[in-house]
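Asks: Can you read through this structure? Questions will come right after.
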Amino acid sequence: MSAEPEQLPAVAARLTIATRDLGARTVGADEIITFPLGLAGFNQCRRYVLLAYPQPAPLLCLQSVDREEVAFVVTDPANVVADYQPRAINGAMIELEITDSQDLLVLVILTIPPGHPEQTTANLQGPLVINTRLRRGKQLILEDSRYSLKHRLSV
Numbered sequence: 295m296s297a298e299p300e301q302l303p304a305v306a307a308r309l310t311i312a313t314r315d316l317g318a319r320t321v322g323a324d325e326i327i328t329f330p331l332g333l334a335g336f337n338q339c340r341r342y343v344l345l346a347y348p349q350p351a352p353l354l355c356l357q358s359v360d361r362e363e364v365a366f367v368v369t370d371p372a373n374v375v376a377d378y379q380p381r382a383i384n385g386a387m388i389e390l391e392i393t394d395s396q397d398l399l400v401l402v403i404l405t406i407p408p409g410h411p412e413q414t415t416a417n418l419q420g421p422l423v424i425n426t427r428l429r430r431g432k433q434l435i436l437e438d439s440r441y442s443l444k445h446r447l448s449v
């Protein structure tokens with residue numbers, strides 16, 4: 295008989311968060327993405343989770359863990375512009391310690407006017423760059439005239 299305590303498998307902490315659009319959701323602590331500098335205009339919100347919307351679409355909800363009312367509709371920029379490749383992403387990859395492209399996630403924030411989804415725009419000048427392995431991200435502010443702050447989507 296061993297005097298050593300039995301080793302139990304590690305269990306990720308779960309927490310229930312209130313969301314703006316999707317009701318209460320339970321997420322794992324390991325699903326939280328930290329943006330150390332926050333997002334433009336939301337510097338105080340630094341912890342977010344990515345949630346899927348119920349309808350099948352390439353849209354995700356980037357929900358603040360700390361403030362229920364702060365949530366963004368996001369998508370892969372390839373869904374908006376086929377050749378989206380801002381040069382600044384390379385510098386962000388170094389800063390976020392992304393050494394494998396499989397750990398890179400780039401998203402753009404969409405603005406969907408209430409009642410007018412046909413007027414949806416994407417912010418291509420403020421992409422979110424995320425290290426999916428370390429769960430850390432950064433919003434870039436591009437000075438690249440190829441990309442618009444309010445790029446109109448083709449619906």
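The working numbering puts the first residue of the sequence shown at 295, with every later residue one more than the last. The beta-carbon is built from N, C-alpha and C at its ideal position, and this holds for glycine as well.
1. Work out the CA separation of G385 and V375 for me, nearest whole Å.
2. For S358, I'd like the list of residues in its chain whose CB is within less than 8 angstroms of its CB, leaving aside the five on either flank, ordered along the chain.
3. Would you kindly work out how many angstroms separate the C-alpha atoms of E437 and L354, rounded to a whole number?
4. Under 8 angstroms, do P352 and D370 count as touching if we go by C-beta distance?
5. Could you check whether the segment 382-399 touches the segment 407-416, counting it as contact only if at least three pairs of C-beta atoms, one from each stretch, sit closer than 8 angstroms?
6. Secondary structure at Q396, three-state DSSP: helix, strand or coil?
7. Am I right that L345 and R319 are in contact with their C-beta atoms under 8 angstroms? What's the rounded C-beta distance?
8. Counting only the same chain and skipping the five closest in sequence on each side, list residues whose C-beta sits under 7 angstroms from that of A312.
9. With 16 other CB atoms within 10 Å as the buried threshold, where does L309 fall?
10. Under a three-way DSSP split, which group does S296 fall into?
11. Are the CB atoms of R430 and I327 within a distance shorter than 8 angstroms?
12. What alpha helix (DSSP H) runs, 4 residues minimum, are completely inside the segment 368-446?
13. 8 angstroms is my cut-off, CB to CB: does T426 come that close to chain B?
14. Taking only runs that begin and end inside the segment 315-373, name each unbroken beta strand (DSSP E) of 3 or more residues, in chain order.
15. How is the beta strand (DSSP E) around A312 delimited, first residue to last?
Replies: Let me spell this out:
1. Within the sequence shown, residue 375 is the residue found at index 81, counting from 1. Within the sequence shown, residue 385 is the residue found at index 91, counting from 1. Taking the straight line joining both Cα atoms gives about 21 angstroms.
2. Position 64 of the sequence shown, counting from 1, holds the residue named residue 358. Around S358: F336, C339, R341, Y342, V364, A365.
3. Translated into the one-based positions of the sequence shown, residue 437 becomes position 143. Translated into the one-based positions of the sequence shown, residue 354 becomes position 60. If I take the Cα positions, the gap works out to 26 angstroms.
4. Counted from its first residue, the sequence shown places residue 352 at position 58. Counted from its first residue, the sequence shown places residue 370 at position 76. Yes, these two residues count as a Cβ contact at 8 angstroms.
5. no
6. To locate residue 396, count along the sequence shown from 1; it is residue 102. Helix at Q396.
7. Start at 1 with the first residue of the sequence shown, and residue 345 comes out as number 51. Start at 1 with the first residue of the sequence shown, and residue 319 comes out as number 25. About 6 angstroms separates the two Cβ atoms, so the contact holds.
8. Counted from its first residue, the sequence shown places residue 312 at position 18. Result list for A312: A318, E362, in chain order.
9. Here residue 309 corresponds to residue number 15 of the sequence shown, with the count starting at 1. Exposed, by the Cβ-count rule.
10. Here the question's residue 296 lines up with position 2 in the sequence shown. Caution is warranted here: a pLDDT of 48 is assigned to S296, below 50, making its placement in the model unreliable, and no coordinate value can be reported.
11. Along the sequence shown, read from residue 1 onward, the residue named residue 327 stands at position 33. Along the sequence shown, read from residue 1 onward, the residue named residue 430 stands at position 136. Going by C-beta atoms, I327 is nearer than 8 angstroms to R430.
12. 382-389
13. Here chain B cannot be found, since the structure has a single protein chain.
14. 318-322, 341-346, 354-358, 365-369
15. In the sequence shown, residue 312 corresponds to position 18, counting from 1. Note, A312: beta strand (DSSP E), 308-312.
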